[in-house]
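Structure record follows, encoded as structure tokens.
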Amino acid sequence: MQIREKKKGFIADISLSPILDLSLMLVIFLAVTTEFISGGEIKVQVPKGGAAISSSSQIVKLIVDKWGKIYYKGKVYSDPAKLVSVLPKDENIYIKADKETPYLYVFTLLDTLRKSGIKKVSLVGQRVE
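Counting in our numbering, the sequence shown runs from 1049 upward without gaps.
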């Protein structure tokens, strides 16, 4: 007669399924988070000065980087003439140009906007208190 029960052996295999599921979820989370962080508005350093702007219902903002590329609603335009066909004519347009952007790029954009009939154009700067 045995008083003790016979001990079972050690479990030799480890289920890798939960570990793989967890690592896959972490990779997907990292990929999605990275996409949201890198997407969005282009960072430019605007010059200091200027007054506050009054906000309207719809703000049309153009961003010009130091290489002359124009960003509008997530799309990149290298030619201001192609951009004019997409812009609304009756809204205020704000140009946010990098402080290292050559004057030629900003002037060309302003000139193209004026020739197309857009009259409400403002330049955005960093406010100084």
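Idealized CB from N, CA, C, for every residue including glycine.
Check, Outcome
"For the region 1153 to 1167 against the region 1128 to 1144, are there 3 or more C-beta pairs whose distance is under 8 angstroms?", "yes"
"Are V1108 and Y1153 close, meaning C-beta to C-beta below 8 angstroms?", "no"
"To the nearest angstrom, how far is it from the Cα of D1069 to the Cα of T1081?", "18 angstroms"
"Could you tell me which of I1118, L1064, K1123, Y1125 sits nearest to T1149, measuring between CA atoms?", "I1118"
"What distance in whole Å lies between the Cβ atoms of V1172 and K1144, which are believed to be in contact at a cut-off of 8 angstroms?", "4 angstroms"
"Rounded to whole angstroms, what is the Cα-Cα separation between T1156 and K1137?", "18 angstroms"
"Out of K1123, K1114, I1166, point me to the one whose CA is closest to Y1151's CA.", "K1114"
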